[in-house]
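Some notes on the structure that comes next.
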Amino acid sequence: MLKNSRIYDSVIQNLCGELNTVLAQIPSKYKGKVEEIRLRNGGPLTISYESKDYFISTNGSVSLTPSNAMIIREEHIRNTFQIISNYSVYAYEEEIRNGYITIKGGHRVGIGGKIIYGSNGLETIKNISSLNIRIGKEILGVSDSIIPYLVKIPRIFYNTLIVSPPQCGKTTLLRDIVRNLSNGFSLLKANGFKVSIVDERSEIAGMYKGIAQNDIGIRTDVLDGCLKSDGIMMAIRALSPDIIAVDEIGSKKDVEAINEALRAGIKLIATIHGSNLEEVMRKSSMKELFEEKVFERFIILDRSKGVGSIKEIIDGYSFKPIYELKG
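Per our numbering, the sequence shown starts with residue 561, numbered consecutively.
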């Protein structure tokens, strides 16, 4: 928790002076838990964790009701946006077009505002009206207990799909699995896999100025800010990975690229939004992958024991659980 408190303290340095001062005053017991800080023009200053919103007053007190909350003004958002873009909005044009900016530490700032279209599609976001600072929390070791279910000794990785509702820790789990596979878990006797991460939303590795802010292992390459369909093909051609890791698959182009990787003998670990396996199987874009039984392991997440609870691991051939969360 102390580490997470330090992460919180570093994140609020990216906010304008007044907001930084206010958020620094919240009780210490909250700092390590905060998942999001939300700034909405004309709205209350809000932090979120464990699926609840808490409102912050000007003296740093925390409440479940917004009546005494500090109200965000236009200058708070404008000044904060200048800080997170290092006072050079043009340098972040590509990220802004995708709706976010990644800041030092691998944290992502989502942007709301007026969407501007041009001849080439979405060009930028102007009149910024809201900022959502999502605090990325690296949890080393969260995958240690399940690696034996994903690897066949001596050196075979089972194609794996992580199924998770929003904000249940899928990216955190994916990242730590990659770290273990790349470094060489004890089962692998330090003989790790070469892993290529296609990090479309800059959330897995948290690249900042070319350096991964998260521990992704010693044999891992990253294609940052790259469409999954493009990145998978680039990794096949240029990076010779044993395993490709991607977050939030689902489009037909993703599936086509995945099939190319499989034909090249490359293994895959991916995540997808869904409350359960049955829901994911009903997605038309995924039909081909399920019919061909591409995935040999399904990891199902929920919040029954907190964020990132591994509800069960299902075998991709029998569709029977090989691991279930106790009690």
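Virtual Cβ for every residue (Gly too), placed ideally from N, Cα, C.
Check                                                                                                       : Outcome
Outcome for N628 when other beta-carbon atoms lying within 10 angstroms are tallied against a minimum of 16 : exposed
Sub-8 Å separation of F717 and L741 beta-carbons                                                            : yes
E596 versus R715: straight-line alpha-carbon distance, rounded                                              : 39 Å
C-alpha distance - L885 paired with P708, whole-angstrom precision                                          : 16 Å
Coarse secondary structure for Y877, derived from DSSP in three states                                      : coil
Segments assigned beta strand (DSSP E), at least 3 residues, entirely inside the stretch 722-781            : 755-759
Ordered list of alpha helix (DSSP H) runs contained in the stretch 622-675, each at least 4 residues        : 634-644 and 653-657
Closest by C-alpha distance to F855, when choosing among G592, E820, K591 and G876                          : G876
From P604, S611, T640 and I637, residue whose alpha carbon lies closest to that of P626                     : P604
K612 versus R598: straight-line alpha-carbon distance, rounded                                              : 12 Å
T684 (DSSP reduced to helix, strand or coil)                                                                : strand
Opening and closing residue of the alpha helix (DSSP H) in which I792 lies                                  : K788 to A798
For L828, the nearest candidate out of S835, F850, G834 and I792 (CA to CA)                                 : I792
Buried or exposed (CB count within 10 angstroms, at least 16 for buried), Q573                              : exposed
Pair within 8 Å by beta-carbon distance, I644 and I661                                                      : yes
Proximity to Q585 [Cα-Cα], best of S565, I870, N601 and G665                                                : S565
Residues near I676 in its chain [Cβ-Cβ closer than 8 Å; skip 5 each side]                                   : L682, E683, T684, I685 and K686
For F615, the residue or residues it bridges with in DSSP                                                   : T606 and S623
With 16 other Cβ atoms within 10 Å as the buried cut-off, status of Q642                                    : exposed
Assigned exposure category for E654 - 16 Cβ within 10 Å defines buried                                      : exposed
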